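Read the structure below first, then the notes.
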Amino acid sequence: MSMKKTRFADELNDKQLEGVIATEGAVLVLAGAGSGKTRLLTYKIAHLVLELGIDPRSIMGVTFTNKASGEMKERAAQLCGDSLHGIWLGTFHSICGRILRYDSQYMGVDENYSIYDRSDQIRLMKDLINEVGLDPKQYDARGILSAISRMKNDMLDAERFYSNANNPKHRTIGKLWILYQEALKANNAVDFDDMILKVVEGFNDHEDLRDRYAKKFEYLLVDEFQDTNLAQYELIKHICSHHKNITVVGDDDQSIYGWRGAQVQNILEFPDDFENTRVIRLEQNYRSTGKILQAASSVVANNESRHPKKLWTESDEGENISLWEVPDEYAEARIIAESIKKDIDGGKSANEIAVLYRVNAHSRLLEEALRKKDIPHIIIGGIRFYERAEIKDALAYLRLINNPLDDVAFSRIINMPRRGVGMKSMLALRELASIEGESLYNYLAQGDLSVLPNYSMKGFGKFVDLIEELRVFAKDADIGQLIGEVLRKSGYMKMLMEDGSIEARARLDNLSELVNSGIEFANTHPDEPTLNSYLAQASLLTDIDQYDNEAEKVSLMTVHSAKGLEFDIVYLCGLEEGLFPISRSMESSEELEEERRLFYVATTRAREKVHLLWAYVRRRFGKESTSVRSRFIDEVPVELLSHSGGSRSRRVEPKRKIISARPKKSKRNVQKSASGAIAPGTVVEHPFFGRGKVKRVKGWGENSVLTVAFPKYGQKKLLLKYADISIISS
């Protein structure tokens, strides 16, 4: 097809247009950071529907976050108007959740299944660990669930893992996994990994089911393809197995989720898996300045596992990358806050500034420093709205109304508000329900409770009456009305109003917002405004889905959380060996390459300016430790770096340089010590800490560790070969 045969030719660059009109067969679009991949996907949907007359119901678009799918829907709707009715656009989890509801009989669940989030999974696993009499210190629920998640993403199953376990601990974990899956089935529940895995297994086991979906979807579009794991890749293969029209868009240089199962090989080997793949490279960047792109590209080019590409821009070259070398983490936080204050005073909006770090623990000092400067800020990655206690309580009521088999939801709310149900009564109920093979709620509603104390029977009876009344109400009410009724009838709202504390009022405000979310859901999902659909959406929301880029606040977040966002100014801190790149990556070339991709993602979030920061000294577990600056700083071309306030004036060398103590011409002879140059009592000068006196020397030569007392900063431990100190006197 000629490029002139689409009405959108003037709105796309040549490579974007090439990707839009390449509709048949397998297409791999390698989209560099800020190159307009969302634009390509939305225009491709518009091209299929408006230009080629494809029925929207035969198009599936898949991405990873609700935020990304919402943006895609909005942009596509702007182009197509009402012509998009019936299209499947959503995340992997939301689309698989939809298939699970429609064809639950193939997947081993009832259509009203519950989705267990991380806290639900932990509660269930802790119960199982206690039931089998294991030491919870030796068998940590979180660690076991993480291991199970990794294995599920690699398409392993519990029975196979258990039978192949070659040591007692693995056999115990395998047994817990089996019990965990049995408990999920008994509760008519799935976890996040099962949502995808069950659909893939359903397609594997039922060829007629797979063929129905494969024939239904003539065109499949996949965003952020570099982040797919094995199960997601298998799902994609099934969906496009009939028509074979698949377009995947991604950037191997932004594959940063290996720790949760993503396999960069999926995008690297896509042309090998799909015959006659057409590869299109989007290399024109519309976000960052030329120097930011040069710096980011120079670092990621050191990776071996990547498709070659070279980002370019028609924008200005822009400013050099600022490098701040600071004494310690306290100075790092203070300097960032002072610089941000200048940014804002100079007219920059707070919401156009981000501070990024490798690990969440880095946020504490940064938040304190910003607070001292009265700089409005928000930490992305704190307690999510849907993880707050009062919200989870309300959602547990909704889950039990939707799915009476959900014992985790039942256990959360049976005594919230208090109904006089004690621990002994709950244990007795569990035993009775287990004997009969019933869920806790169903046994309450139908079983013999005469063995329980009268006060417990009264509380249990009132609870059953409440849930049954709410289940009837739910049949004709929209979600907002149902949530309001739950809060009133349960006594939850009354409990908080009677409390009257500031915290209780804040919790009431949160519950009010939950009611609003139900009303909004009913208005925005006219095709499927069901309770099950609402619960699925609430379970699958992430921190970034709730990110508000209109809020006038500086954003603090990990680099992982920043994926998909952009800001005018980015501060990237903690650039030290062992922190970024993180220490565990040193043992694996694959993990080190992922750390380098993280650096690439971080720097390409910036439109105008990037600040890199590293500290000479950083406290770990309360003890000071001398740092070595990140190798990623050394991989940035020296001509792209400029020192900012507080750093040394000497230019940064492209490779690390071992610097021994440099005597000044006026120095007196010094006593030789274990260091070969410096003894206790020597007065030295440090570029940041100033003059100080050596108290102790440990080690020999350039690897000596000096303990130096500085009048302003106290005692510091410095590794001689990196200390860059001058000897003043001995």
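The working numbering puts the sequence shown at residues -13 to 716.
Just so you know, even glycine gets a beta-carbon here, dropped at the ideal spot from N, CA and C.
None of these values were measured; they are calculated from a predicted model.
CA-to-CA distance, residue j to residue i, given in whole angstroms
i: Val35; j: Val407; result: 58 Å
i: Ala695; j: Ile488; result: 47 Å
i: Lys658; j: Gly667; result: No answer about Lys658 holds up, because its pLDDT of 34 lies below 50 and its placement is not dependable.
i: Phe446; j: Glu581; result: 53 Å
i: Ser633; j: Phe675; result: Caution applies to Ser633, whose pLDDT of 41 falls short of 50 and renders its modelled position unreliable; the value that the coordinates give is listed next. Taking the straight line from one Cα to the other gives about 11 Å.
i: Asp103; j: Ala347; result: 23 Å
i: Ile159; j: Gly129; result: 10 Å
i: Ile505; j: Ala63; result: 22 Å
i: Lys480; j: Asn502; result: 19 Å
i: Met137; j: Asp143; result: 7 Å
i: Thr299; j: Leu565; result: 31 Å
i: Leu(-2); j: Asp180; result: 39 Å
i: Val437; j: Val458; result: 29 Å
i: Glu639; j: Ser628; result: Residue placement at Glu639 is flagged as unreliable, the pLDDT there being 38, under the threshold of 50; the coordinate-derived value follows with that caveat. Cα to Cα, Glu639 sits roughly 12 Å from Ser628.
i: Ser90; j: Thr9; result: 32 Å
i: Lys359; j: Leu561; result: 24 Å
i: Val624; j: Glu311; result: 15 Å
i: Lys595; j: Leu578; result: 25 Å
i: Phe178; j: Ser55; result: 18 Å
i: His293; j: His33; result: 28 Å
i: Ile399; j: Trp245; result: 34 Å
Beta-bridge partners of residue i, as assigned by DSSP
i: Val614; result: Beta-bridge pairing links Val614 to no other residue.
i: Thr77; result: Thr49
i: Ala601; result: Val312
i: Ser715; result: Val669
i: Tyr29; result: DSSP, once it has assigned bridges, lists no residue as partnering Tyr29.
i: Phe723; result: Any question about residue 723 goes unanswered here, given that the chain covers just -13 to 716.
i: Val234; result: Leu14 and Val208
i: Val680; result: Val694
i: Val407; result: For Val407, which the question treats as bridged, DSSP gives no partner whatsoever.
i: Trp298; result: Gln270
i: Arg176; result: In the sequence on display, residue 176 carries Val and not Arg. Val176 is bridged to Ile101.
i: Ile307; result: Leu627
i: Ala592; result: Phe553
i: Glu562; result: Arg615
Residue range of the unbroken alpha helix (DSSP H) whose run includes residue i
i: Tyr219; result: Leu216 to Ile225
i: Ala375; result: Ala375 to Asn388
i: Asp554; result: Counting along the chain, Asp554 falls outside any alpha helix (DSSP H), though it belongs to the beta strand (DSSP E) covering Phe553 to Leu558.
i: Gly486; result: Segment: none, Gly486 is in no alpha helix (DSSP H) and carries neither H nor E.
i: Ile159; result: Pro154 to Ala172
i: Leu351; result: Ser349 to Lys358
i: Ser397; result: Asp393 to Ile399
i: Ile278; result: Gly276 to Val286
i: Met443; result: Asn440 to Ala460
i: Asn518; result: Leu517 to Leu526
i: Ser132; result: Ala127 to Asn139
i: Lys123; result: From DSSP, Lys123 is part of no alpha helix (DSSP H); its letter is neither H nor E.
N- and C-terminal bounds of the beta strand (DSSP E) containing residue i
i: Tyr102; result: Ser100 to Tyr102
i: Met46; result: Ile45 to Thr49
i: Gln469; result: Note on identity: in this sequence residue 469 is Ile, with Gln being the wrong assignment. No beta strand (DSSP E) contains Ile469, which is instead part of the alpha helix (DSSP H) from Ile465 to Lys475.
i: Asp41; result: No beta strand (DSSP E) holds Asp41; DSSP gives it neither H nor E.
i: Gln701; result: Gly700 to Leu705
i: Ile365; result: His363 to Ile365
i: Thr544; result: Val540 to Thr544
i: Ile339; result: Ile339 to Tyr343
For residue j and residue i, believed in contact at Cβ under 8 Å, the rounded distance
i: Tyr557; j: Val286; result: Incorrect: roughly 20 Å between the Cβ atoms, too far for contact.
i: Pro403; j: Tyr699; result: With a Cβ gap of about 54 Å, Pro403 and Tyr699 do not count as contacting.
i: Met58; j: Val185; result: Not a contact, Cβ separation roughly 21 Å.
i: Ser630; j: His597; result: 7 Å
i: Thr263; j: Ala12; result: 4 Å
i: Ala200; j: His224; result: 6 Å
i: Ile182; j: Gln218; result: 6 Å
i: Ile73; j: Arg25; result: 18 Å between Cβ atoms; not a contact.
i: Ser325; j: Glu538; result: Not a contact, Cβ separation roughly 18 Å.
i: Val540; j: Pro362; result: 7 Å
i: Asn150; j: Asn389; result: About 33 Å separates the two Cβ atoms, so there is no contact after all.
Contact with chain D by residue i, beta-carbon distance below 8 Å
i: Lys30; result: Reference to chain D is not applicable here, since this structure consists of a single protein chain.
- Query: Is it true that the region 376 to 387 meets the region 69 to 87, where meeting means three or more beta-carbon pairs spaced less than 8 Å apart?
  - Reply: No, they do not touch.
- Any chance the region 112 to 129 sits against the region 147 to 163, with 3 or more Cβ pairs inside 8 Å? The answer is yes - the region 147 to 163 touches the region 112 to 129, with three or more Cβ pairs under 8 Å.
- Message: Quick test of the definition: if touching needs 3 or more C-beta pairs under 8 Å, does the region 382 to 396 touch the region 172 to 179?
- Response: A contact is defined here as three or more CB-CB pairs under 8 Å, and the region 382 to 396 meets this definition with respect to the region 172 to 179.
- Message: Check whether the region 300 to 309 and the region 39 to 56 touch, using three or more Cβ-Cβ pairs below 8 Å as the test.
- Response: By the criterion of at least three beta-carbon pairs nearer than 8 Å, the region 300 to 309 is not in contact with the region 39 to 56.
- Message: Does the contact criterion of 3 or more C-beta pairs under 8 Å hold for the region 458 to 470 versus the region 513 to 522?
- Response: These segments touch.
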